[in-house]
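J.: Let me begin by handing over the structure; questions about it come next.
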Amino acid sequence: GTVDAPIGRHPTDRKKMAVEPRNGRRAVTHWEVIARYRGVTHVRCRLETGRTHQIRVHMASIHHPVAGDPIYGMKNGVKAPRLMLHAWRLSFTHPRTGERLSFCAEPPEAFARTVEKLRNHS
């Protein structure tokens with residue numbers, strides 16, 4: 001799926017971002033399901049834009065907040081040891097040289113352990 005919704009400052013909580021149709025900046029997140037577990041869906045997100053908290057805001061806006069998110073998540077959501085969000089690959093064009101740079105990183109141990117537990121209990 002795709003979430004194409006502008007993001008700006010939350011109207012009443014200046015520490016948060018929100019989908020803001022009038023004052024927000026364009027933000028597009030493409031997502032795909034990797035696996036479904038009991039109460040949780042593992043998704044891959046690809047960003048067209050790079051807004052502050054973009055994945056967290058967009059996923060919460062479609063009622064699928066990131067597990068373990070203390071700001072945008074549900075109060076009675078799935079318990080997680082950390083924010084279950086990991087940038088396994090980052091790519092961008094260097095602003096000075098124009099060179100395309102890409103970086104990959106394996107998920108942290110707590111993230112990998114949590115995904116493994118979900119696999120084993122679903």
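If you're matching positions, the sequence shown starts at 1 in our numbering and goes up one per residue.
Quick reminder that beta carbons are idealized off the backbone N, C-alpha and C, glycines included.
As the structure is a prediction and not an experimental result, all values here were calculated from the model.
(1) Going by DSSP in three states, residue 109 sits in which element: helix, strand or coil?
(2) Is DSSP giving residue 10 helix, strand or coil here?
(3) Residue 81 and residue 73: beta carbons closer than 7 Å?
(4) Across which residues does DSSP place residue 121 in a beta bridge pair?
(5) Let me know if residue 33 comes out buried or exposed under the rule of 16 or more other beta-carbons within 10 Å of its beta-carbon.
(6) Just how far apart, CA to CA, sit residue 101 and residue 122?
(7) What separation, rounded to the nearest whole angstrom, lies between the Cα atoms of residue 6 and residue 24?
(8) Quick check on DSSP: helix, strand or coil for residue 34?
(9) Flag this pair as yes or no: are the beta carbons of residue 78 and residue 67 separated by less than 7 Å?
(10) Does residue 18 come out as helix, strand or coil in the three-state DSSP assignment?
T.: So, from the listed chains and residues:
(1) As a position in the sequence shown, residue 109 is number 109, starting the count at 1. The answer is helix: DSSP assigns residue 109 an H, G or I state.
(2) Here the question's residue 10 lines up with position 10 in the sequence shown. Coil.
(3) Against the sequence shown, residue 81 aligns to sequence position 81. Against the sequence shown, residue 73 aligns to sequence position 73. No; because the gap between Cβ atoms is not below 7 Å, this pair is not in contact.
(4) Translated into positions along the sequence shown, residue 121 becomes position 121. Paired residues: none, contrary to the question.
(5) Locating residue 33 in the sequence shown gives position 33, counting from the first residue. Answer is exposed; the Cβ neighbour count stays below 16.
(6) On the sequence shown, residue 101 is found 101 positions in, with the first residue counted as 1. On the sequence shown, residue 122 is found 122 positions in, with the first residue counted as 1. Residue 101 and residue 122: Cα-Cα distance of roughly 37 Å.
(7) The sequence position of residue 6 within the sequence shown is 6, counting from 1. The sequence position of residue 24 within the sequence shown is 24, counting from 1. Roughly 5 Å separates the two Cα atoms.
(8) Here the question's residue 34 lines up with position 34 in the sequence shown. Looking at residue 34 - three-state DSSP - the assignment turns out to be strand.
(9) Your numbering for residue 78 matches position 78 in the sequence shown. Your numbering for residue 67 matches position 67 in the sequence shown. Contact: yes.
(10) Here residue 18 is taken as the residue at index 18 of the sequence shown, counted from 1. For residue 18, the three-state secondary structure derived from DSSP is strand.
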